[in-house]
């Protein structure tokens, strides 16, 4: 089945620095990828929809200048958390769908970000 | 009212029990319904994927969708300790739309 690779799986950074998270679709092309955020014991909250070759669409309340999304190719989307603060500490997950497949969306393994 | 409602549990059952997990939703435009299993600190893993109403079975898992009642269910037969995880329902209007998730139900199957 479709596989989505997400890196890094865990990152600790200092407050004020930026962190980049990569999401790659393996063996399929994804014109659209989604970025979610998940707090402990809570469900996934959609942050933004990443569109290949165009600007991302952000959900209400998500700062686009803080969470920069780049979908430069059909297999790669990146989320950069800029000027990270402790409140940005969370579990970030991407997902994509293989349009040529018959299944639903496939998720990456997630990135646990801790800002100290 | 949340778009997707799911009882967060926790739910604890003995090994071998039949587990019933449910979600209700308010948006009648949803057509695609999914169940994901998420182990601690991991990304969700797709379990079942259904379109519109009806039943779908895959091994010990059965997914049911009742669009008239805006209600979906996941049944797990002969539950195993390895089934212990958080189960998330998700739904979308079309296959290119973002998904909306339930809160997730934390399930523990005790040996």
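Residue numbers (the numbering used here), protein chains in the order written: chain A, 15 to 130; chain B, 271 to 381. C-beta atoms are modelled at their ideal positions from N, C-alpha and C, and glycine is treated no differently.
Along the stretch 342 to 375 of chain B, going in chain order, the ones with a CB nearer than 7 Å to a CB of chain A are 358, 365, 366, 368, 369, 371, 372, 373, 374.
Of the candidates A/47, A/57, A/106, A/47 places its Cα closest to the Cα of residue 91 of chain A.
Counting C-beta pairs with one atom in each stretch, the stretch 287 to 299 of chain B and the stretch 311 to 318 of chain B have fewer than three that are closer than 8 Å, which means they do not touch. When the beta-carbon positions are compared, residue 26 of chain A and residue 130 of chain A come within less than 8 Å of each other.
In the DSSP assignment, residue 292 of chain B is bridged to B/343. At least one beta carbon of chain A lies nearer than 8 Å to the beta carbon of residue 313 of chain B.
For the stretch 100 to 125 of chain A, the beta-carbon criterion of a distance under 9 Å to any beta-carbon of chain B is satisfied by 105, 107, 108, 109, 111, 113, 116, 117, 118, 119, 120, 121, 122, 123, 124. Shown here for residue 322 of chain B: same chain residues with a beta carbon closer than 8 Å to its own, the five before and five after excluded, namely 301, 335, 337 in chain order. With contact defined as three or more Cβ pairs closer than 8 Å, the stretch 96 to 116 of chain A and the stretch 26 to 38 of chain A are in contact. Residues 378, 380 of the same chain have their beta carbon placed closer than 7 Å to that of residue 282 of chain B, with the five preceding and five following residues left out of the count. With 16 or more other CB atoms across the displayed protein chains lying within 10 angstroms of its CB, residue 119 of chain A is buried. In this structure, A/58 is the residue among A/42, A/15, A/58, A/43 with its C-alpha nearest to the C-alpha of residue 108 of chain A. Its chain contains 293, 295, 359, 361, 370, 371, 372 as the residues whose beta carbon lies nearer than 7 Å to that of residue 274 of chain B, once the 5 sequence neighbours on both sides are disregarded; these appear in chain order.
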